[in-house]
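The structure appears right after this line, and notes come after that.
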Amino acid sequence: MRLLFSLVGLFFFMFQIHAQSLEGLDNIDFTGKSVDDLSDAQIMQIQQEMTKRGLGMAEIEMFAQAKGIPQLEVNKLKSRLAEVSTMGASSASGLEGDFMNSQLPEVTTEYSEKEEIPQESIPMSVFGSKLFNAKNLTFEPSIALNPSSDYRLGVGDEVRIDIWGASQQNYKLLVDKTGSINIPNIGPIRVSGMHLKDAQNKILNRLSAIYSGMKGSQPNTFGQVSMGMLQGINVNVIGEVILPGTYTLPSTASLFNALYLSGGPNDIGSFRKVQVIRGGKIAQEIDVYDYLVKGKGNANIQLENDDVIKVPPYQNRVVMAGEFKRTGIFEGKHGESVMDMVDYAGGFTENAYTHRLEIFRKNGREQTVRDVTFDQLTTTVIQNGDSILVKPVLERYANRVQITGAVFRPGTYEVEDGLQLSTLIQKAEGLKEDAFLERGYIYRKGEDLSDEVISFSVVDVVLGKEDIVLQREDYVVISSLLEMREELTIDIGGPVMKPGEYTYGEGMKLKDLIVVAGGFKIEASGARVEVARRLRGEDAEKASDKIAEIFVMDISKNLTVSEADGEFELKPFDKVFVRKAPGSKVQRTITIAGEVVYPGNYSLSSERERISDVMKRAGGFNSNAFLEGAMLTRRITKSEKELAIQEEMLRRDQSIELTNLEFEVVGIQLDKIMKNPGGKLDIYLEAGDEILVPQRAQTVRISGEVLNPVSTTFEPGKSAKFYIRQGGGFGLRAKRRKTYVRYPNGTSDVTKSFIFRSYPKVTPGAEIIVPQKPARPPMTATSWMALASSAAALALTVTSIINNVK
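Mapping the sequence shown onto this note's numbering, position 433 (from 1) lands on 825, and the numbers just tick up by one.
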């Protein structure tokens, strides 16, 4: 306790020597505390009072010794003061930063975001409008980047100072309302409104007053000034923009950032004279085309707080159409030429006719057309509302001839003055061996563009006996003998590996064709090959019934042609037929399913195998088999001719309904077949047949025009009328006389009417079907009038007859 009172007395004594009061220590209670008990805030407050009064560590130690304070406590105090001093300098945000924050407006961190702009508000036809409304080009400023050296500091900006080398310190300082930063031991430095590069020089120069190592030609202490958190700026975007208003942006934002948020110029806004107004004066006028077309980065300037961006209406707009690389509406400045507009449009396409451009111009009363040649592009000044059109080049050649046919290099060639046909043939590297030498042709356009054909002897031109001077757009044709001949072919059909049509070759033998066709198949007949040949020579000149000449060749059992027959020379268009062996047949398979002992697929042993035969092979029937309900389905194979007839019928009458079923039901009576195998009911089977033997049925189904269609239990001996009553009886529109029964095997039986109505027999699994009468159309007014007229006429006739009788 004595120690602490001595410390208090020491500080009062030291400060009284300097005729100053110790106001900063009045609120510190030292009672019962040692130096270790003092908080960092209390030590820092002592350090700040020492700084204000210019007291150093040497003076503290001197007066402590004079008052008899232990050296250990003095050393602790010095150590704590040094520690707090370093901490305060390294984060001068400490007390001083907090103090400044309490006096400054809060740093803005919520920046304006771009609103969704309706597509119809964007003038998409105007060149440049997509720049500020593109999905992948946002112009959003980065708040993480350090500002450029031209950045102007403002109130609320954070300045970071790093010292390294012999001395090491770090400062984080805010620019206060006075526009200054306050560096401990140095005092305030005014930086607001200064460029960053100038503020850096000023701060480092002031720091050299307390860091002597930063001076001289060989410094050992170095400093760097950078920016931390930046206060946002507010800019106003006015004039002809899509979304005018006030926007909050980072301090690093540029002009294009603000234009991006506002959507850019609207349908009458200018891209060429965007004004940045600063302090009531135009600081800069920006041409967006300089950035968009020429890529000049200086067209996008950095903004400052309270800047006003004004977009005035456009001066000139010009429509660029035709063969320009870019087409649409372009904005022009006063005095710009047609060539400037061509540059903005990206220049001409490769198809442009550049010798003459057409300008459609409005003179305030009507429209005019002006022709501008290429050498006038730079001297012709545009006017607002101009439409500039450049057309494509003509689809014709000024110096072209073409040659095709039997030459080695057919194609397009240049016409030179006096180019002759023989020279063109030489340029095409001469005639092919198959060239038709008797006649060639030149197709030429006359002066009135009419077609003209000039014939020439190819051989005479080649030998130099005649020649023709060619003109542009001449088309020379030299025919080929091969093209002039009928294509020579030969056919082979039957059981060979690759039947079909083949190209005929001179001297082709029968064995050559068989080899080309892949040889014989196994089912080929070991008997003969026939060759049918067209009539030629005298036979073809005579009128007769004979159509072709037939040659027959023998084939051995091992399917080889004899040496003599194999050397048979074929002629163009011969047709060779290889016969199939009479007994060569492909296996035929049927299917048996249902209540048989061995269901599955069976191969027919002969073409005369019956139902009873395969049923015996299937092992007979199970105890639950219902033979009366057995059904046979057979595939329907339609020929190409039948399908063609169907298509033609549908084409002529689309109301026709044709079945597309691929199978048909064949009604069989399996119970009777098995009792009388080989009888007339025991039919022959075909490939693809399927026989289904169902389980014994116990129900009968009633459907159609009955009151309650239902399935009911089969009762032996009951008639169809009994089962109809089970379904509630006939409906109002029932066609009773046409009632029929469909049996499980696919057959049907109808109701017979003579004196009495006789309904078909009903078996288990059968379906009784009552057809419906067609709906009668309602009586129209005309029908009622006709009926009334007929009734009146009948009444008059009857009355007349009665009167005559009387």
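Every residue, glycine too, gets a C-beta built ideally from N, C-alpha and C.
All figures in this text were calculated on a predicted structure; none of them were measured in a lab.
For S513, the three-state secondary structure derived from DSSP is helix. V700 places its beta carbon 9 Å or farther from that of V666. Separation of the CB atoms of I984 and A1010 is rounded to 5 Å, and the pair is thereby assigned contact status at 8 Å.
Short of 6 Å from the beta carbon of Q794, and not among the five residues preceding or following it, lie these beta carbons of its own chain, in chain order: T804, Y867.
Between I780 and G724 the beta-carbon gap is near 10 Å, outside 8 Å, which marks them as no contact. Rounded to whole angstroms, G1096 and I1194 show a C-alpha spacing of 50 Å. Around M900, the same chain offers I882, E961, L962 as residues with beta carbons nearer than 8 Å, after the five sequence neighbours per side are excluded. In the DSSP assignment, V1058 falls within the unbroken beta strand (DSSP E) covering 1055 to 1058.
With fewer than 16 other beta carbons inside 10 angstroms of its own, Y1076 counts as exposed.
Between S1145 and the set S643, Y1132, T1139, the nearest pair of CA atoms involves Y1132. The closest CA to that of V1154, considering only N692, T1143, I1065, K857, is found on T1143. When only Cα atoms are considered, Y681 and G687 end up about 8 Å apart. The shortest C-alpha to C-alpha distance from V1058 to any of N1068, K1067, P1069, L1084 is the one to L1084. For M733, the uninterrupted alpha helix (DSSP H) run begins and ends at 730 to 736, by DSSP. Taking the CA atoms as reference points, L566 sits about 45 Å from M516. One Cα belongs to N993, the other to T1025, and the distance between them is close to 14 Å. Assigned with DSSP and collapsed to three states, Q676 falls in strand. It is roughly 50 Å from the alpha-carbon of I1060 to the alpha-carbon of Y894. Linking P1101 to Y1115 through their CA atoms gives a straight-line distance of about 10 Å.
Residues R1128, R1129, T1143 of the same chain have their beta carbon placed closer than 8 Å to that of R1149, with the five preceding and five following residues left out of the count.
Cβ-Cβ separation between R1093 and E1020: approximately 16 Å, too far for a contact (criterion under 8 Å). The shortest C-alpha to C-alpha distance from R926 to any of E987, I914, R920, F943 is the one to F943.
Secondary structure in the region 518 to 578: the beta strand (DSSP E) runs of 3 residues or longer, each lying completely within the stretch, are 550 to 557, 561 to 566, 572 to 575 in chain order.
Boundaries of the beta strand (DSSP E) around D763: 759 to 765.
Between the C-alpha atoms of I578 and N562 there is a straight-line separation of about 14 Å. Between Y736 and F752, the C-beta spacing is not below 9 Å.
Ranking L1124, D1141, E915 by CA distance to the CA of A1167 puts L1124 first. Setting aside the 5 residues that flank it on each side, F965 is surrounded in the same chain by R926, each with a C-beta closer than 6 Å to its C-beta; the list follows chain order. Taking all protein chains shown into account, S618 has fewer than 16 neighbouring C-beta atoms within 10 Å of its C-beta and is therefore exposed. For M712, the uninterrupted beta strand (DSSP E) segment begins and ends at 708 to 714. The continuous stretches of beta strand (DSSP E) do not include I595, which lies in the alpha helix (DSSP H) extending over residues 588 to 599. Here R544 is buried: its Cβ has 16 or more other Cβ atoms, across all protein chains shown, within 10 Å. Contact between the region 840 to 856 and the region 874 to 891 is absent: fewer than 3 CB-CB pairs across the two stretches fall below 8 Å. The beta-bridge partner set that DSSP reports for E787 is empty. G958 and K903 have their C-alpha atoms spaced approximately 5 Å apart. Counting along the chain, the unbroken beta strand (DSSP E) around I669 starts and ends at 666 to 670.
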